[in-house]
Amino acid sequence: PQAIALRLLLGADADSPTRDLSFAGLLEGLHRTANALHRCGVTPGTAVTILLPNLIESHFALWGAQAAGIASPVNPMLEAAYIARICAETQAGVIIAFGPAPGSDIWDKAVDAAEQTATVHTLLQVDPAAALGRRPAGAPHEPSGRLPRRAGIRVLDFHDALAAADPGLLESG
31 PQAIALRLLL
41 GADADSPTRD
51 LSFAGLLEGL
61 HRTANALHRC
71 GVTPGTAVTI
81 LLPNLIESHF
91 ALWGAQAAGI
101 ASPVNPMLEA
111 AYIARICAET
121 QAGVIIAFGP
131 APGSDIWDKA
141 VDAAEQTATV
151 HTLLQVDPAA
161 ALGRRPAGAP
171 HEPSGRLPRR
181 AGIRVLDFHD
191 ALAAADPGLL
201 ESG
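Quick note: the sequence shown uses the numbering used here, first residue 31, plus one each step.
Quick look at the structure:
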């Protein structure tokens with residue numbers, strides 16, 4: 031359980047620092063993600079759109095969404111209109127997206143897709159600082175950047191939602 035399951039290289043050089051996750055941590059993250067999604071209203075028939083670059087949180091999102099509902103990973107390099115169309119076709123209820131970061135327009139695309147998709151009720155924002163290990167553990171975070179204008183869409187911090195979820199067992203199981 032303590033062996034390294036995932037290693038995220040935090041820079042472009044081979045000797046850059048890493049963010050490591052054990053197999054036990056991976057299972058805990060999967061449980062927390064599935065349970066957080068369940069609390070957001072995800073059921074076995076609910077699609078969860080995932081707009082993330084290659085991060086440890088991407089694995090949590092993919093496998094947690096599969097455990098709670100239907101995982102719908104989408105290439106975040108697509109135009110917002112295409113992402114919205116995929117969300118509409120899958121009737122996504124939740125979008126998990128990389129938060130605002132320099133050089134990235136993923137968050138704005140997620141907000142656009144949520145506004146255009148009547149079934150989306152929750153946006154989970156993956157904080158770039160937390161994903162890169164630069165946010166102090168346990169520090170709460172308010173989602174940042176542009177917020178949806180359409181009523182009925184709540185925006186939550188992904189890491190805070192996971193911290194509040196049970197790491198041991200699947201609530202929906």
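C-beta atoms are modelled at their ideal positions from N, C-alpha and C, and glycine is treated no differently.
Shown here, ASP142 sits in a helix according to DSSP, grouped into three states.
Counting along the chain, the unbroken alpha helix (DSSP H) around SER88 starts and ends at 86–98. Taking a 10 Å sphere around the C-beta of GLU109, we find fewer than 16 other C-beta atoms and assign the residue as exposed. With distances taken between CA atoms, MET107 lies nearest to LYS139 out of LYS139, ILE86 and LEU92. Ranked by how close their Cα comes to the Cα of GLY41, the residues LEU162, ALA193 and LEU51 have LEU162 in first place. For ILE116, no beta strand (DSSP E) segment is defined; the enclosing uninterrupted segment is the alpha helix (DSSP H) at 110–120.
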